[in-house]
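J.: Using this note's numbering, read the sequence shown as starting at -1 and increasing by one per residue. Using N, Cα and C, we set each Cβ at its ideal position, and we do this for glycine too.
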Amino acid sequence: MSNAPLATAESIAEVTRPLQGTREDYDPILELVGRARVVLLGEASHGTHEFYHERTRITKRLIQELDFNAIAIEGDWPDAYRVNRYIRAQSTAADAEAALAGFRRFPAWMWRNSETLELVGWLRAHNHVGRGLEREVGFYGLDLYSLHASMEAVLSYLDRVDPAAAARARSRYGCFEVFGSDPQSYGYTASLDLSQSCEDEVVHQLQELQGQRDRLARRDGFLAEDEYFYAEQNARVVKGAERYYRTMFRGQIASWNLRDTHMADTLDALLAHLDAQVGRSKVVVWAHNSHVGDARATELGEAGELNLGQLARQRYENETAIIGFTTYQGTVTASRDWGEPPERRQVRPGLGGSYEAVLHQTGLERFLIDLRQEAAAEVLHPERLERAIGVIYRPESERRSHYFFAHLADQFDAVIHIDETRALQPLERTTEWEKGEAPETFPTGM
-1 MSNAPLATAE
9 SIAEVTRPLQ
19 GTREDYDPIL
29 ELVGRARVVL
39 LGEASHGTHE
49 FYHERTRITK
59 RLIQELDFNA
69 IAIEGDWPDA
79 YRVNRYIRAQ
89 STAADAEAAL
99 AGFRRFPAWM
109 WRNSETLELV
119 GWLRAHNHVG
129 RGLEREVGFY
139 GLDLYSLHAS
149 MEAVLSYLDR
159 VDPAAAARAR
169 SRYGCFEVFG
179 SDPQSYGYTA
189 SLDLSQSCED
199 EVVHQLQELQ
209 GQRDRLARRD
219 GFLAEDEYFY
229 AEQNARVVKG
239 AERYYRTMFR
249 GQIASWNLRD
259 THMADTLDAL
269 LAHLDAQVGR
279 SKVVVWAHNS
289 HVGDARATEL
299 GEAGELNLGQ
309 LARQRYENET
319 AIIGFTTYQG
329 TVTASRDWGE
339 PPERRQVRPG
349 LGGSYEAVLH
359 QTGLERFLID
369 LRQEAAAEVL
379 HPERLERAIG
389 VIYRPESERR
399 SHYFFAHLAD
409 QFDAVIHIDE
419 TRALQPLERT
429 TEWEKGEAPE
439 TFPTGM
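1) Tell me which same chain residues have a C-beta within less than 7 Å of the C-beta of T419, skipping the five on either side of it?
2) Could you tell me the alpha carbon to alpha carbon distance between G185 and E72, rounded to whole angstroms?
3) Measure the CB-CB distance between A355 and R343 and report whether it falls below 8 Å.
4) Can you tell me where the beta strand (DSSP E) with W284 in it begins and where it stops?
5) Helix or strand or just coil, what does DSSP make of P437?
6) What residues in its chain sit with their C-beta under 7 Å from that of L256, if we drop five residues either side in the sequence?
7) Please specify which runs of the alpha helix (DSSP H), each continuous and at least 4 residues long, are wholly inside the region 160 to 232, giving them in chain order.
8) Determine the burial state of R216: buried for a count of at least 16 other Cβ atoms within 10 Å of its Cβ, exposed for fewer.
9) Going by beta carbon distance, what residues of the same chain come within less than 8 Å of E12, once the five residues before and after it are set aside?
10) Report the residue from V200, S144 and L145 whose alpha carbon sits nearest the alpha carbon of R166.
11) Using the Cβ count rule (16 or more neighbours within 10 Å means buried), how would you classify A404?
12) Are D411 and I320 close, meaning C-beta to C-beta below 8 Å?
13) Can at least three beta-carbon pairs, one atom from the region 282 to 291 and one from the region 77 to 97, be found at a separation below 8 Å?
14) For E113, does the count of other Cβ atoms within 10 angstroms reach 16, so buried, or fall short, so exposed?
15) Can you tell me the Cα-Cα spacing of A68 and E315, whole angstroms?
16) Indicate whether the contact test is met: 3 or more Cβ pairs, each with one atom in the region 50 to 70 and one in the region 19 to 32, closer than 8 Å.
17) Is it buried or exposed for Q409, if we count other Cβ within 10 angstroms and need 16 for buried?
18) Which same chain residues, not among the five before or five after Y226, have their C-beta less than 6 Å away from its C-beta?
19) Do Q275 and R294 count as a contact pair if the criterion is CB distance below 8 Å?
20) I believe F323 touches A7 by the beta-carbon criterion, under 8 Å. Please report the beta-carbon distance rounded to the nearest angstrom.
21) Where P16 and H51 are concerned, what is the direct C-alpha to C-alpha distance, given to the nearest angstrom?
22) Under 8 Å between the Cβ atoms of R427 and R278?
23) Could you tell me which of Q62, D141 and Q203 sits nearest to S253, measuring between CA atoms?
24) With burial defined as no fewer than 16 other Cβ atoms inside 10 Å of the residue's Cβ, what is the status of Q62: buried or exposed?
25) If we call anything under 8 Å between Cβ atoms a contact, is Q203 one with R170?
26) Answer yes or no: do Y143 and D198 have a C-beta to C-beta separation smaller than 8 Å?
27) Assuming P490 and L145 make a contact with CB atoms under 8 Å, what is their CB distance in whole Å?
28) Report the option in V235, Y155, L425 and N232 whose CA atom is closest to the CA atom of E341.
29) With H, G and I counted as helix, E and B as strand and the rest as coil, what does DSSP make of S148?
30) Which of the three DSSP states is assigned to M444 in this structure?
31) Hey, quick one: how far does the alpha helix (DSSP H) through G119 stretch, first residue to last?
32) For A229, I'd like the list of residues in its chain whose CB is within less than 6 Å of its CB, leaving aside the five on either flank, ordered along the chain.
33) At which residues does the alpha helix (DSSP H) containing F101 begin and terminate?
34) Under DSSP, the alpha helix (DSSP H) around H260 begins and ends at which residues?
35) Taking the beta strand (DSSP E) that I71 belongs to, which residues open and close that run?
36) In chain order, which alpha helix (DSSP H) runs of at least 4 residues are fully inside the region 302 to 332?
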């Protein structure tokens, strides 16, 4: 536990830049980014409206002013690529909401929400002003949960371009049929060696597809290269997902590291693909603080975890910028347990001594801190608690479930604090979400 003294509100306020809702708010972010080609934008929860909204504002400026040409999200590859096709006018989706229909797996609301809907509409309009395919912005997923969807995508691609290869792939992927549609059933069984794993099959399938790269990717120029890359990455996802689901029953750190390494490897592959098409590419990453904030600056890193932000800094050194987000209180869209409906829940005030509480003490509603400044790094470097809310929120075990120790100034290059935030609005609002959760002062606070 940290014994660091609590920074004074005055010392923190001196290094902040208040956010006024103007275009100039994020001039320091663009200056910080400079020539970076990877910008990682975090979030302290998956269900906060302001985090999505402000990331959109920053992302639009990066695209318009610094020529960033891709957004990569903490989402599944095939679901995000459906959006990619839509914003490039290569799909039959009627509108942005239909383009987001691929996000069906829990938590669908993490990307099927009003803020993402607005961003997708803006990206389509941005792409279609005569720029040409090579200058359009793409939309991609970094995650590896889509075992079955990615297998289906590989088979669909091969059915079109090489039916004989599709038959071989169908035979290999048939290894999973006995386990049904739940990949965790496969992972549990394979981890206990109750049956032969499908590892060899998915590796051989990826190798065969990669061996056909020159023939398949050059059939019809730019679009053929994109479609081949989409299929190849789906085969990589199948390989990564097979290993992930086998590993998840062997320990949290091992499966976490495998997942974040997969996301970093996907980012590498995406950059290489785009570089080959358009020259030096630049990618904006949207993911949780726990993925983008350098793990080496946290107690989780000390326990052996690594993450996407750490790997990006190691692989791209001075070409990476990481911006985190924090909040003190408000509401959040989250579930009570995995697979349950999303609710609009009350977020408890930050714990005393935490970074959230320290930033709240400034009395400022919204502000940015450039942590590369010596004065800012000095006051926000001492180890303190930091909150992380995922798709599940458990206030009854707030400290154990949602806090870890960190050195904020080493974790991020900048942090944006919004003191009171509100719940992200899902496209499909349940009765539970519409009702919301009564404050803890109920009934006297009503």
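T.: The relevant details are as follows:
1) Hits under 7 Å: T46, H47, E48, T325 and G328.
2) Cα to Cα, the separation comes out at about 22 Å.
3) No, Cβ-Cβ distance for A355 and R343 is not below 8 Å.
4) Note, W284: beta strand (DSSP E), V281 to W284.
5) Residue state, collapsed to three classes: coil.
6) So the qualifying residues of the chain are R241, Y242 and T245.
7) With a minimum length of 4 residues, the continuous alpha helix (DSSP H) runs that stay inside the region 160 to 232 are 161 to 171, 181 to 189, 197 to 209 and 211 to 215.
8) Flag for R216 reads exposed.
9) Closer than 8 Å at the Cβ level, and outside the excluded window around E12, lie A373.
10) Out of V200, S144 and L145, V200 has the C-alpha closest to the C-alpha of R166.
11) For A404, the number of other beta carbons within 10 angstroms of its own is at least 16, and it is reported as buried.
12) Result yes, Cβ atoms of D411 and I320 sit closer than 8 Å.
13) No, because fewer than three Cβ pairs between the region 282 to 291 and the region 77 to 97 fall closer than 8 Å, the two stretches do not touch.
14) Counting Cβ neighbours within 10 Å, E113 comes out buried, since at least 16 surround it.
15) As the crow flies, the alpha-carbon of A68 is around 19 Å from that of E315.
16) Verdict: yes, contact present.
17) The residue in question, Q409, is buried, as its Cβ has 16 or more Cβ neighbours within 10 Å.
18) Here Y226 has L214 and A215 as same chain residues with Cβ atoms under 6 Å from its own Cβ, once five neighbours each way along the sequence are excluded.
19) No, these two residues do not count as a Cβ contact at 8 Å.
20) Cβ-Cβ separation between F323 and A7: approximately 20 Å, too far for a contact (criterion under 8 Å).
21) Roughly 17 Å between the two C-alpha positions.
22) Taking 8 Å as the Cβ cut-off, R427 and R278 do not qualify as a contacting pair.
23) Per the Cα distances, D141.
24) Q62 comes out exposed.
25) Result yes, Cβ atoms of Q203 and R170 sit closer than 8 Å.
26) Contact: no.
27) The displayed coordinates of the chain run from -1 to 444. Any statement about residue 490 would go beyond what the structure contains.
28) Of V235, Y155, L425 and N232, the residue nearest in Cα terms is L425.
29) Reduced to three states, the DSSP call for S148 is helix.
30) Low local confidence applies: a pLDDT of 36 at M444 is under 50, so the model's placement there is unreliable, and no value is given.
31) Its alpha helix (DSSP H) spans residues S112 to N125.
32) Contacts found: V152 and Y155.
33) Going by DSSP, F101 is part of no alpha helix (DSSP H) at all; its letter is neither H nor E.
34) Counting along the chain, the unbroken alpha helix (DSSP H) around H260 starts and ends at Q250 to V276.
35) Counting along the chain, the beta strand (DSSP E) containing I71 begins and ends at A68 to D74.
36) Fully enclosed alpha helix (DSSP H) runs of no fewer than 4 residues occupy 306 to 314 of the region 302 to 332, in order along the chain.
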